[in-house]
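First the structure, in the form of structure tokens, and then the observations on it.
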Amino acid sequence: MKKRCLTILVSLIAALFLFACQQEEEKSNDAQGDRQSELDVEEMSDNDTLKEEEPENDLEVDNDTDQPKGEEEPLYTINPSTWAVEPLEEGTNPQVALITIDDAPDQYALDMAHTLKALDAPAIFFVNGRFLQTEEKHHVLKEIHELGFMIGNHTSTHPNLGEISEEEQRKEIIELNDLVEEIIGERPKFFRAPFGANTDTSHAVAEEEGMVVMNWTYGYDWEPDYTNAEALADIMINTPYLSAGANLLMHDREWTNEALETIVTGLRDKGYELVDPTTLKRLD
Ligand SMILES: [Zn+2]
């Protein structure tokens, strides 16, 4: 009787061992080829395989690092002619897109920040002083910043800088930096001129203030055809302008807020990694 039990036990262990080996083999087969019908566990092994096979991914921003934000070595730079995001070194993933939200914090910026945060999608919020005139708005800006988003300068009152005096341009830019510093404890590192209208003065002041000037590569949410979430999400993802290093301009608007999640997932589905602005090269 004892002997029979022992035989059954040994057979059982042998069978389990064989089964485990077979599973391992299946996993590695899947990792090499068939990606159609994968289980979650197998997807994980797939990703691991991809990482090993593609060393250029090693330089990607790792959200799990312990390094404080803003102290990483820069990985990307803004091309001063095309405004696209470009890798500083070969081997850094070029298939990226940068999300920027202008004219904040008006009505939807905080909502948008929460949406992006939930999706683990980094972005720059380019703010205006005209939307930072109350205690409540100061708290909103603080919260957006504390959620981990970068705050950029988009002038105090959103004028066309080409149509005002040099002195006024200085004031528009520097007073906002003072205000932002008062609220979040640091001065903006990126500047975006209203309407993309940069001047010699705005370039000079941005440099004095240690800010990188940045326009954008495309955006649609101010055009009448794209003032609804569905049309906007569709064009943002399917425009022919979407290419490596795309610098996406969006605004603090109702339909953009509604479209944001679809836009982020759509970009990722198309193979774009969203750039963490803290990995962009700065002036200082
Ligand atoms: Zn604007």
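Mapped onto the working numbering, the consecutive letters of the sequence shown carry residue numbers 503 to 786. No residue lacks a Cβ here, since even glycine has one placed at the ideal position from N, Cα and C.
Cβ-based neighbour list, residue i, same chain, cut-off 7 Å, excluding 5 preceding and 5 following
i	result
A699	N662, L663 and G664
P690	I653, G654, N655, N679, V682 and M713
W724	H753
T741	Y720
P596	P589, A746 and G747
D613	N759
In DSSP terms, what residue i is bridged to
i	result
I653	F627
T602	I626 and L751
T741	DSSP, once it has assigned bridges, lists no residue as partnering T741.
I646	BP columns for I646 are empty, so no partner.
Y578	P589 and L782
Buried/exposed call for residue i, threshold 16 Cβ in 10 Å
i	result
T602	buried
E554	For E554, the predicted structure reports a pLDDT of 34, less than 50, and the residue's modelled location is therefore unreliable. The matter cannot be settled from this model.
A695	buried
Q635	exposed
T657	buried
G773	exposed
K783	exposed
L577	buried
E674	buried
N730	exposed
A620	exposed
P726	exposed
L541	Unreliable placement is indicated for L541, whose pLDDT of 31 sits below 50; the coordinate value is still reported in the next sentence. Flag for L541 reads exposed.
L785	exposed
P607	buried
Y722	buried
Where residue i falls: helix, strand or coil (DSSP)
i	result
V766	helix
T594	coil
L612	helix
P779	helix
E665	helix
E588	strand
T758	helix
T617	helix
K772	coil
Neighbourhood of residue i by C-beta, 6 Å cutoff - its chain only, sequence neighbours within 5 removed
i	result
M738	I765
N717	W585 and G698
L769	A599
L618	A625
Own chain, CB closer than 8 Å to residue i, minus 5 neighbours either side, in chain order
i	result
E670	P661
T659	N630, G631, R632 and E674
Give, in chain order, every unbroken run of the beta strand (DSSP E) that is at least 3 residues long and sits entirely within the region 667–735. none
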